[in-house]
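Okay, so here's the structure we're looking at.
Number of protein chains: 2
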Amino acid sequence: MTSYSCSEILSGRAPADTPVTVRGWVRTRRDSKAGLSFVHVSDGSSFHPVQVVAPAALANYASEVQRLTAGCAVEATGTIVPSPAKGQPFEMQATELKVIGWVDDPDTYPIQPKPHTMEFLREVAHLRPRTNVIGAMTRVRNTLAQAIHRFFHENGFLWIHTPIITASDAEGAGELFRVSTLDLANLPRTPDGKVDFSKDFFGKESYLTVSGQLNVETYCMALSKVYTFGPTFRAENSNTSRHLAEFWMIEPEIAFADLAQDATLAEQLLKYILKATLDERADDMAFFEERIEKGVIAKLQGIVDKPFVRMDYTEAIRILEASKQKFEYPVQWGTDLQSEHERYLAEKHVGGPVILMNYPKEIKAFYMRMNDDGKTVAAMDVLAPGIGEIIGGSQREERLEVLDRRIVESGLDPAAYGWYRDLRRYGTVPHAGFGLGFERTVAYVTGLSNVRDVIAFPRTPGSARF
Amino acid sequence: MTSYSCSEILSGRAPADTPVTVRGWVRTRRDSKAGLSFVHVSDGSSFHPVQVVAPAALANYASEVQRLTAGCAVEATGTIVPSPAKGQPFEMQATELKVIGWVDDPDTYPIQPKPHTMEFLREVAHLRPRTNVIGAMTRVRNTLAQAIHRFFHENGFLWIHTPIITASDAEGAGELFRVSTLDLANLPRTPDGKVDFSKDFFGKESYLTVSGQLNVETYCMALSKVYTFGPTFRAENSNTSRHLAEFWMIEPEIAFADLAQDATLAEQLLKYILKATLDERADDMAFFEERIEKGVIAKLQGIVDKPFVRMDYTEAIRILEASKQKFEYPVQWGTDLQSEHERYLAEKHVGGPVILMNYPKEIKAFYMRMNDDGKTVAAMDVLAPGIGEIIGGSQREERLEVLDRRIVESGLDPAAYGWYRDLRRYGTVPHAGFGLGFERTVAYVTGLSNVRDVIAFPRTPGSARF
């Protein structure tokens with residue numbers, strides 16, 4: 000018997016003239032007085048399960064079918080017919096319903112067919128993929144990730160796997176995780192009593208990367224269009240709803256490009272991946288719209304449809320100062336914008352995405368290109384309704400003498416940037432790039448505001464599991 | 000002026016009736032006595048550079064064009080015409096040739112237009128993307144990675160980002176990298192003098208993952224077809240030509256599947272990604288064929304064309320024992336196969352890829368499904384000519400009582416596998432998966448036998464750079 004996925008059956012891609020098999024896990028079972036059971040079977044391939052209609056005539060009807068509970072694994076064989084039930088185009092009239100795996104003690108099985116709090120689901124992370132919400136999030140996350148790779152591939156970019164373990168700290172900032180194989184109970188020492196890192200695995204102090212940007216610039220300066228899509232790490236604020244200690248980041252880098260082209264790339268990427276999600280995961284997005292964030296589909300559609308407004312930081316400050324809005328944080332030229340300011344600009348002032356450009360150099364990183372005014376750098380942030388900053392990027396400083404001045408001004412040591420400086424000595428060109436946080440994007444798209452609900456395994460305080 | 004990539008120009012996708020622009024870096028410059036210079040410009044979009052023909056009539060001919068050296072960044076504008084030169088269908092007759100970035104001190108610029116040893120290139124990792132060999136490798140690596148995602152996406156798999164920092168050790172084996180934010184100079188202690196890991200970032204001892212498999216099984220048991228593609232780490236043998244401390248791994252996992260279906264998936268994946276590389280990167284593969292490994296294209300084509308032979312481990316041992324071949328390592332039932340044995344089977348005995356199945360349980364991991372003979376487990380290795388094992392996988396033990404017995408037999412503690420055991424308590428189903436090492440695959444496909452030459456940044460002993 001050929002087997003079909005729920006997605007194939009529900010979209011009419013399974014044959015109607017011959018019996019087929021579907022395999023999955025029971026979501027619910029309802030017994031009808033007419034001597035039938037309706038068993039909803041899900042295999043994760045779509046938001047909706049397939050309704051399997053099991054007649055009492057099945058040999059194992061009383062012994063097994065009527066004992067099925069949520070989470071049992073089954074294999075159902077039968078004919079696919081149009082469904083009279085609302086919300087499902089097809090159902091299966093079963094001629095056989097085999098139980099593959101039972102649920103031990105169904106009364107204590109954590110994933111019951113009822114709503115669970117997100118807090119509770121974080122505590123049963125190994126079982127939560129079986130819920131509607133985490134299943135839908137996982138499919139949307141996959142669609143976003145695949146669309147990101149597809150966008151770059153179609154546009155001639157190369158995916159570069161920059162190092163995860165690194166000896167350098169990209170921005171000279173951020174708390175780092177140390178990576179080591181030294182025996183902490185018996186640390187090797189130098190003659191003056193310090194920890195002897197020459198005995199460590201890489202012969203020097205090593206950390207988890209906070210960004211692949213500086214590394215990927217070396218590829219950009221030879222292959223023109225490149226990007227990273229990999230994990231990055233920050234040892235700070237890990238237990239807030241907006242920050243993860245471990246998160247994936249997408250960092251494209253383009254050669255022979257200025258800030259305007261960088262902004263165009265950011266706009267194209269966002270539109271492309273949001274459109275792919277709306278097109279390919281309508282079933283899951285309908286669920287998020289109904290249960291998680293009313294209006295989320297219109298929010299995303301607005302980004303796909305509207306041209307992004309571009310505005311200088313200086314202009315944005317004028318608008319905020321003139322707004323008469325009561326902000327928690329005061330705002331003036333030179334201050335970093337807070338979420339409330341960014342959201343005011345996107346939601347109230349523009350009513351759509353805004354790309355802010357040319358920020359004061361004091362609040363941006365040393366590698367961003369100095370503008371002719373001597374006060375601002377060619378940085379940009381993409382602000383989106385409902386979240387604020389979703390992308391941050393810049394044109395990079397390609398002039399060696401200016402870069403050196405900025406390194407020193409930022410309190411860093413030019414000697415530590417030898418290879419980065421070399422890129423400016425040998426065939427330097429204008430180049431630009433940006434960073435898109437992957438989990439924050441998934442959270443934004445699904446409306447799941449806590450980033451711990453969009454990762455495979457949340458670290459739950461007190462849990463020894465993950 | 001619209002700009003085009005080298006790839007577009009060389010494949011005839013740039014217009015011939017209007018001037019276009021190409022931007023990139025000079026590979027070579029040759030001045031002809033006829034008062035012309037031939038400047039080869041590469042932007043990394045294809046193996047071959049575009050030949051820019053610069054006439055002496057250009058205003059900057061003497062002042063700039065004739066001073067161009069390898070590595071200079073240029074922007075050339077002109078008409079695309081059919082090329083009389085061998086090996087290139089088109090070239091550009093330049094009307095303008097702007098220099099964007101010079102090379103400081105061309106005599107000491109490390110990437111000269113001549114062959115470099117791979118050892119030397121490892122020492123200038125930030126500049127080596129500018130060479131033919133690393134450029135070609137990077138494009139092939141990208142093609143393989145994109146093909147992997149495309150294969151899974153087209154087949155209904157979901158990409159799962161399993162945790163990088165983890166408290167569990169997937170196989171109870173392998174040297175781990177510790178991840179910590181503790182101050183090594185001032186370690187917190189418990190009352191009995193031990194290091195107090197409750198003060199560490201995650202409140203317990205944490206490590207870099209060695210595999211996402213056990214984690215991804217939790218998604219497989221809800222969403223049926225899933226895979227990981229992410230970095231994994233082993234703190235051992237890091238400086239050999241075949242092992243990396245940090246490498247990317249692809250680990251699919253399929254529900255309702257046995258070992259035979261696992262083997263079929265492995266065969267389909269390998270054929271798909273190798274075919275994509277041969278189809279899409281013919282230019283780069285021709286280079287690897289000519290300069291790196293004579294016969295590499297036929298090697299890959301053989302894998303694409305031939306059905307994989309399936310053979311039991313026990314049968315393979317009989318063949319090896321009967322072979323009268325002189326092996327460095329003796330072989331008998333129960334021993335793990337060495338590369339020399341695997342290659343004999345694939346290259347000499349079969350003359351193509353072989354999938355060995357059903358290995359002695361003693362040489363395989365605890366989670367592999369026990370066969371009815373009580374002696375072997377449902378494990379498989381895909382052996383390929385020229386390398387030996389390229390994929391290792393298994394059907395997983397889905398029966399809780401058998402799993403528990405194997406955990407104990409392997410000297411592990413069932414209590415540490417609570418969430419993994421839960422998957423067998425709640426709707427367990429037969430499932431299977433495998434692992435494909437990404438960098439080893441890139442090395443195999445390009446013929447670059449040292450894995451340090453297929454990663455973005457090799458760690459060179461003594462180098463403080465990366």
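Residue numbers (numbering that gives the first Met the number 0), protein chains in the order written: chain A, 0 to 465; chain H, 0 to 465. Using N, Cα and C, we set each Cβ at its ideal position, and we do this for glycine too. Here the structure is a predicted model, which means the values were calculated and not measured.
Beta-bridge pairing of residue i - partner residues as DSSP gives them
| i | result |
| --- | --- |
| residue 526/H | Residue 526/H lies beyond the residue range present for chain H, which begins at 0 and ends at 465; the question has no answer from this structure. |
| residue 91/A | 51/A, 79/A |
| residue 394/A | 431/A |
| residue 30/H | 36/H |
| residue 207/A | 164/A |
| residue 467/H | An answer regarding residue 467/H cannot be provided, because it is not within the stretch 0 to 465 covered by chain H. |
| residue 245/A | 232/A |
| residue 254/A | 430/A |
| residue 188/H | 194/H |
| residue 367/H | 395/H |
| residue 226/H | 158/H, 251/H |
| residue 24/A | 41/A, 72/A |
Partner residues on chain A for residue i, Cβ-Cβ distance less than 7 Å
| i | result |
| --- | --- |
| residue 148/H | 145, 148 |
| residue 141/H | 157, 158 |
| residue 99/H | 428 |
Residues of its chain near residue i, where Cβ-Cβ distance is below 6 Å and the 5 sequence neighbours each way are ignored
| i | result |
| --- | --- |
| residue 328/H | 337 |
| residue 171/H | Residue confidence for residue 171/H is low, a pLDDT of 48 falling below 50, so the modelled location carries little weight; the figure read from the coordinates is stated next. Around residue 171/H: 411. |
| residue 378/H | 358, 363, 367, 393 |
| residue 4/H | 42, 44 |
| residue 295/H | 287, 288, 446 |
| residue 30/A | 36 |
| residue 135/A | 46, 283, 286 |
| residue 307/A | 266, 352, 354 |
Closer than 9 Å at the beta carbon, the chain A residues around residue i
| i | result |
| --- | --- |
| residue 22/H | 223, 254, 255, 428 |
Chain A residues whose Cβ lies nearer than 8 Å to that of residue i
| i | result |
| --- | --- |
| residue 102/H | 424, 425, 426 |
| residue 245/H | 162, 163, 164 |
| residue 134/H | 221, 222 |
| residue 194/H | 183, 184 |
| residue 137/H | 157, 159, 218, 222 |
| residue 10/H | In chain order: nothing, as chain A lies at least about 12 Å away. |
| residue 108/H | 425 |
| residue 70/H | 425, 426 |
Per-residue contacts from residue i into chain H (C-beta, under 9 Å)
| i | result |
| --- | --- |
| residue 454/A | 160, 162 |
| residue 207/A | 163, 164, 178, 207 |
| residue 449/A | What residue 449/A touches in chain H: nothing, since even the nearest Cβ is about 17 Å away. |
Integer-rounded CB distance, given that residue j should sit under 8 Å from residue i
| i | j | result |
| --- | --- | --- |
| residue 438/H | residue 428/H | At roughly 32 Å, the Cβ-Cβ gap does not stay under 8 Å, so residue 438/H and residue 428/H are not in contact. |
| residue 384/H | residue 274/H | Contact flag wrong, Cβ pair sits at about 17 Å. |
| residue 458/H | residue 240/H | Residue 458/H to residue 240/H, Cβ: 13 Å. No contact. |
| residue 93/H | residue 194/A | Not quite, the Cβ-Cβ distance comes to about 58 Å (not below 8 Å), so this is no contact. |
| residue 335/H | residue 355/H | Wrong, their Cβ atoms sit about 11 Å apart, outside the cutoff. |
| residue 390/H | residue 365/H | With a Cβ gap of about 20 Å, residue 390/H and residue 365/H do not count as contacting. |
Beta-carbon neighbours of residue i, restricted to chain H and to distances below 7 Å
| i | result |
| --- | --- |
| residue 152/A | 145 |
| residue 129/A | 221 |
| residue 43/A | 221, 222, 223 |
| residue 234/A | 180, 200 |
| residue 214/A | 455, 456 |
Contact list for residue i against chain H, beta-carbon separation under 8 Å
| i | result |
| --- | --- |
| residue 174/A | 180 |
| residue 421/A | 125, 126 |
Same chain only: Cβ atoms within 8 Å of residue i, ignoring 5 sequence neighbours per side
| i | result |
| --- | --- |
| residue 205/A | 164, 165, 166, 177, 178, 179, 199 |
| residue 442/A | 448, 449, 450, 452, 453 |
| residue 333/A | 359, 361, 362 |
| residue 111/A | 69 |
Beta-carbon proximity list for residue i, same chain, < 7 Å, skipping 5 on both sides
| i | result |
| --- | --- |
| residue 65/H | 30, 36 |
Should the stretch 11 to 22 of chain H be called in touch with the stretch 62 to 71 of chain H, which here means at least 3 C-beta pairs below 8 Å?
-> no
Segment contact, 8 Å Cβ cut-off, at least three pairs: the stretch 126 to 146 of chain A with the stretch 77 to 85 of chain A = no
Given 8 Å, three or more beta-carbon pairs between the stretch 126 to 137 of chain A and the stretch 248 to 263 of chain A = no
Check whether the stretch 188 to 203 of chain A touches the stretch 307 to 320 of chain A, taking contact to mean three or more Cβ pairs, one atom from each stretch, closer than 8 Å.
-> no
Would the stretch 241 to 260 of chain A and the stretch 412 to 427 of chain A be scored as touching if the rule is three or more Cβ pairs under 8 Å?
-> no
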